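**Q**
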Amino acid sequence: MESGDQELYYLSNKFELDISSRIKQFNAKREPGSLMLKYKAMAESPFRFFRGTCHLFYKDLLKEYPFPHSPLTWLCGDLHIENFGSYRGGNRLVYFDMNDFDESVQGPPLFDISRLIVSAEIAAKAMLYSGEERKDMIASMVQRYRDTLVKCRSLAIERETATGLIKKLIISVAERKQKELLLDRTNNKPKNCKLLFCDRLLGLEKKEKEQLLQSFSKYCVNNYHKGYCVTDAGFRIAGTGSVGIRRYLLLLEKENNPRQKRLIDLKQALPSSVLNAGDFGVKQPPWQNDAERIIEVQQIMQYITPAYLSTFQFKDNWYVIKEIQPTADKVSFKQVARQPLQVEKYLSELGMLTASAHLRSSGRYHSSTADELKDFGEDQSWTSLLMEWTTYYSNQVTRDYYEYLRSFRDGYFNK
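For the sequence shown, our numbering assigns the number 1 to the initial residue and increments by one for each residue that follows.
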């Protein structure tokens with residue numbers, strides 16, 4: 001770099017915050033009591049850091065968008081390899097699919113694909129796969145994504161159609177019972193049962209708890225939980241990126257049969273960090289609130305949605321309601337360390353599920369049609385650029401992680 005160019009570079013970046021300051025600024029309004037748990041989780045590894053910094057990814061992606069124009073589709077927004085998992089649908093069958101839509105928006109499909117690839121690259125590095133092995137894995141995932149678009153047919157994975165790692169997961173979770181979940185999370189009393197509090201489930205202040213139980217009891221009268229009463233509640237800590245937002249776990253009992261119980265998750269709905277990262281020229285539908293956005297996009301992208309999915313307002317915040325299920329689980333990469341063929345097949349399935357979700361939601365709220373997505377899949381011009389950029393960015397994530405780790409260890413996030 002010439003001296004004049006170097007001077008211009010430093011001038012243009014003079015007022016840009018460092019990584020740690022950007023992270024602290026983004027999380028400034030989160031709950032201080034649990035926020036340190038998020039920072040601690042992000043310090044564990046580059047992958048956990050990546051999960052907790054979706055806002056950094058989109059800021060960097062949009063700063064100098066590297067990809068050509070593509071059709072618009074509905075996006076998960078925060079797509080990574082651990083945002084797929086098993087769950088029991090409203091028809092009570094167990095499926096494996098995308099399962100988190102907090103950051104969902106309408107935008108270019110390469111938003112989802114590039115974030116998914118970077119997550120796979122980082123995870124595969126952690127398992128010490130070589131550059132060639134990682135390249136083969138990612139190429140298989142991208143090819144399966146394109147093939148699914150070209151066939152123009154969305155697919156689903158359930159017990160009968162699952163193979164490999166996903167089949168093992170679904171078989172293992174399908175046998176889990178609600179009774180086992182209640183034994184793990186409650187004192188299991190037949191009536192007036194109570195939650196078991198721990199480092200991931202904290203007690204609430206008396207006033208807040210009374211207000212929450214009263215508000216949700218009123219809500220129960222005219223919805224999926226009619227005939228149930230709320231017996232206990234706690235502040236729930238789960239995931240990585242969402243730690244620090246308001247989140248509750250509620251225990252419900254059926255009034256005429258207290259042995260029938262439900263565990264309900266209430267998760268605060270915030271604006272998508274994809275939209276907060278910058279204007280990428282796509283007008284979003286006028287949602288009434290972010291909980292409505294999250295649920296509506298989930299319903300058009302998932303093959304079958306879970307039971308009891310709905311919205312709830314408590315005080316000034318909107319929440320997404322879902323059932324805590326014994327069948328909810330994820331594939332652990334640690335279990336298949338040094339099994340590249342299994343990992344490659346698994347990543348290929350994630351590519352297929354991503355394309356299926358994009359196809360399933362095509363044409364909704366003025367997004368591109370399935371035929372336009374098919375044409376996009378047939379076009380090979382974007383694939384090499386995608387592979388190059390995601391390799392570059394996965395290395396940047398690692399550099400950002402170690403910069404963050406130094407600040408974390410120095411106590412910067414305790415101040």
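Just so you know, even glycine gets a beta-carbon here, dropped at the ideal spot from N, CA and C.
Remember, it's a predicted structure, so these values are computed and weren't measured experimentally.
1. With a cut-off of 8 Å on the beta carbons, I'd call residue 370 and residue 148 a contact; round off their distance for me.
2. Mind pulling the beta strand (DSSP E) runs of 3 or more residues that sit fully within the segment 293–320?
3. With DSSP as the reference, label residue 164 as helix, strand or coil.
4. Counting along the chain, where does the alpha helix (DSSP H) carrying residue 417 start and finish?
5. Can you confirm whether the segment 319–336 touches the segment 131–147 when touching is taken to mean that 3 or more C-beta pairs between the two stretches lie within less than 8 Å?
6. Between the Cα of residue 326 and those of 87, 232, 358, 410, spot the shortest distance and give me the residue it belongs to.
7. According to the Cβ coordinates, are residue 241 and residue 60 closer than 8 Å?
8. When you compare only the Cα positions, how much space is there between residue 400 and residue 21?
9. Going along the chain, which residues of its own chain have a beta-carbon closer than 8 Å to the beta-carbon of residue 3, five neighbours each way excluded?
10. Checking the sheet assignment: what are the DSSP bridge partners for residue 88?
11. Just to confirm my understanding: we take residue 383, look at its own chain, exclude 5 residues before and 5 after, and list those with CB closer than 7 Å. What are they?
12. If I measure Cβ to Cβ from residue 385 and keep anything under 7 Å in the same chain, skipping five residues before and after, which residues do I get?
13. Assuming residue 101 contacts residue 76 under a Cβ cut-off of 8 Å, what Cβ separation, rounded to an integer in Å, is found between them?
14. Quick check for students: name the residue ranges of the beta strand (DSSP E) that lie wholly in the segment 64–145, counting only runs of 3 or more.
15. Do residue 263 and residue 120 have their C-beta atoms closer together than 8 Å?
16. Here's a check: name, in chain order, each residue in its chain whose Cβ is nearer than 6 Å to the Cβ of residue 15, leaving out the five neighbours to either side.
17. May I ask you to verify whether the segment 89–99 touches the segment 269–288, counting CB pairs closer than 8 Å and requiring at least 3?
18. Under 8 Å, do residue 30 and residue 244 count as touching if we go by C-beta distance?
19. Return the chain-ordered ranges of every alpha helix (DSSP H) run that is complete within the segment 163–197 and spans a minimum of 4 residues.
20. So, are the CB atoms of residue 214 and residue 247 less than 8 Å apart?
21. Below 7 Å CB to CB, which residues in the same chain sit around residue 89 once its five sequence neighbours on both sides are set aside?
22. Measure the C-alpha to C-alpha separation of residue 287 and residue 293 and round it to an integer number of angstroms.
23. For residue 165, which residues of its own chain have a beta-carbon under 7 Å away from its beta-carbon, when the five flanking residues on both sides are left out?
24. Do residue 351 and residue 145 have their beta-carbon atoms positioned less than 8 Å apart in this structure?
25. Tell me which residues share the same chain as residue 211 and place their Cβ nearer than 6 Å to its Cβ, disregarding the 5 neighbours each side in the sequence.
26. Between which two residues does the alpha helix (DSSP H) carrying residue 343 extend?
27. Out of curiosity, what's the CA-to-CA distance linking residue 115 and residue 105?
28. Return the first residue and the last residue of the beta strand (DSSP E) that residue 248 is part of.
29. Quick one: grab the DSSP three-state call for residue 268.
30. In or out: residue 46 buried (at least 16 other Cβ within 10 Å) or exposed?
31. Using 10 angstroms around the beta-carbon of residue 163, count the other beta-carbons present and answer buried if the total reaches 16, otherwise exposed.
32. Nearest to residue 193 by CA position, among 109, 27, 254, is which residue?
33. How would you label residue 259, buried or exposed, when you count the other beta carbons within 10 angstroms and need 16 or more for buried?
**A** Result, derived from the coordinates:
1. Not confirmed; about 11 Å, so no contact.
2. 310–314
3. helix
4. The question about residue 417 has no answer here: the residues shown for the chain are numbered 1 through 415.
5. no
6. 87
7. no
8. 12 Å
9. With a pLDDT of 39 at residue 3, under the threshold of 50, the modelled position of this residue cannot be trusted, and the question is left open.
10. 94
11. 142
12. 66, 67
13. 6 Å
14. 73–75, 84–88, 94–98, 105–107
15. no
16. Note that residue 15 scores 47 on pLDDT, short of 50, meaning its location in the model is unreliable; the coordinates nonetheless yield the value given after this. Counting only Cβ-Cβ distances below 6 Å, and skipping sequence neighbours, we find nothing.
17. no
18. yes
19. 164–174, 178–185
20. no
21. 95, 304, 305, 306
22. 6 Å
23. 331, 336, 342, 346
24. yes
25. none
26. 340–360
27. 14 Å
28. 247–254
29. strand
30. buried
31. exposed
32. 254
33. exposed
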